[in-house]
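Take the sequence shown: its position 20, counted from the start at 1, is 20 in this note's numbering, and no numbers get skipped.
Written out below as structure tokens is the structure these notes cover.
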Amino acid sequence: MGEWGLFWTAFGLTNVLFGAVTAAWLLRWQDRLSLPAVPLAIVGAGLAPFVVTLVLYYGMMLLPGTSALAYVALVTGVMLALSVTAGDGWGRLAAMLHRIVRGASDPALWPFWLGSLAVVVIAVLLLPNKPLVDHDVLEYGVQGRVFLRDRAIHFVRHRFDPATGFYYVGLHGFSFPLMFTWEGLVGEVVVAAGDGWSRSITIWYAWLLIALVWSLLRMARPWLAVAGTLTMTLPLGFLFLLVVYHLDSYRIFLFS
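See the structure below:
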């Protein structure tokens with residue numbers, strides 16, 4: 001399996017399969033949360049990579065030195081538990097997807113599909129051609145590979161790797177670096193190497209932000225969804241998110 005085989009394996013497992021699990025699990029609590037189904041499902045789908053890294057964080061802290069297959073099985077086991085406890089969330093997710101498919105030809109949705117196509121085009125052009133050259137994400141990637149090599153996370157005041165001379169100066173948690181670790185673990189299981197999925201996280205969460213804003217504003221007026229989404233995406237700051245590998249879209253989505 002090559003690099004892009006690994007990309008689609010990690011994307012299918014994490015974004016699609018695990019994303020469906022976390023979306024269904026949140027939809028189980030829809031009545032209690034009093035939130036509409038589509039925005040809630042989008043938030044649920046976006047939580048999947050975060051939950052993966054959270055499980056991986058505690059797994060490497062409490063069970064250091066374990067094999068790649070065992071860590072992947074640990075994450076899968078947690079997701080399986082969420083899947084089993086999602087209850088009627090699965091029915092709500094299926095009904096919501098059925099409504100989306102049935103109404104996909106609605107002209108009011110065409111701007112959203114066109115914008116989504118633009119994001120896909122950017123991803124197709126960017127991911128095969130731009131390596132990790134930006135400072136911050138390169139630092140996250142290296143730290144993620146250190147976790148992958150050591151199979152352990154320890155509490156240390158100064159995170160210095162004597163084998164490479166790498167000094168990590170990040171001021172936040174390890175969720176984003178652990179995405180590189182996760183892709184590496186999946187790669188070891190399927191015998192492949194690459195970082196395409198980790199680099200795609202920026203674009204993925206930028207699209208989820210667009211979908212979330214669209215779904216919320218569309219409940220008021222279809223034209224308001226168009227206006228609000230354009231207001232968010234046209235400034236250079238947001239467009240910058242789509243072409244620079246970084247955790248900003250990931251961080252903004254989770255804070256939203």
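Glycine residues also receive a C-beta, built at the ideal position from the N, C-alpha and C atoms.
Keep in mind it's a predicted model, so treat the numbers as computed, not measured.
- In this structure, aspartate 161 sits away from tyrosine 245, with a CB-CB distance that is not shorter than 8 Å.
- Within the stretch 206 to 242, the complete alpha helix (DSSP H) segments at least 4 residues long are 222 to 233, listed from N- to C-terminus.
- Rounded to whole angstroms, the gap between the alpha carbons of leucine 224 and arginine 218 is 6 Å.
- Leucine 117 is classed as exposed because its beta carbon has fewer than 16 other beta carbons within 10 Å across all chains shown.
- Taking 8 Å as the upper bound for CB-CB distance, alanine 206 and leucine 242 are in contact here, some 6 Å apart.
- Secondary structure at phenylalanine 50: helix, using DSSP grouped into helix, strand and coil.
- If you draw a straight line from the Cα of leucine 125 to the Cα of glycine 2, it comes to about 18 Å.
- Residue burial is scored here from C-beta neighbours: phenylalanine 112 has at least 16 other C-beta atoms within 10 angstroms and is therefore classed as buried.
- Between arginine 159 and aspartate 150, the alpha-carbon positions lie close to 13 Å from each other.
- Between the alpha carbons of tyrosine 57 and leucine 234 lies a gap of roughly 36 Å.
- When DSSP states are grouped into helix, strand and coil, aspartate 106 belongs to the coil group.
- Note that the C-beta distance between glycine 103 and leucine 109 is below 8 Å.
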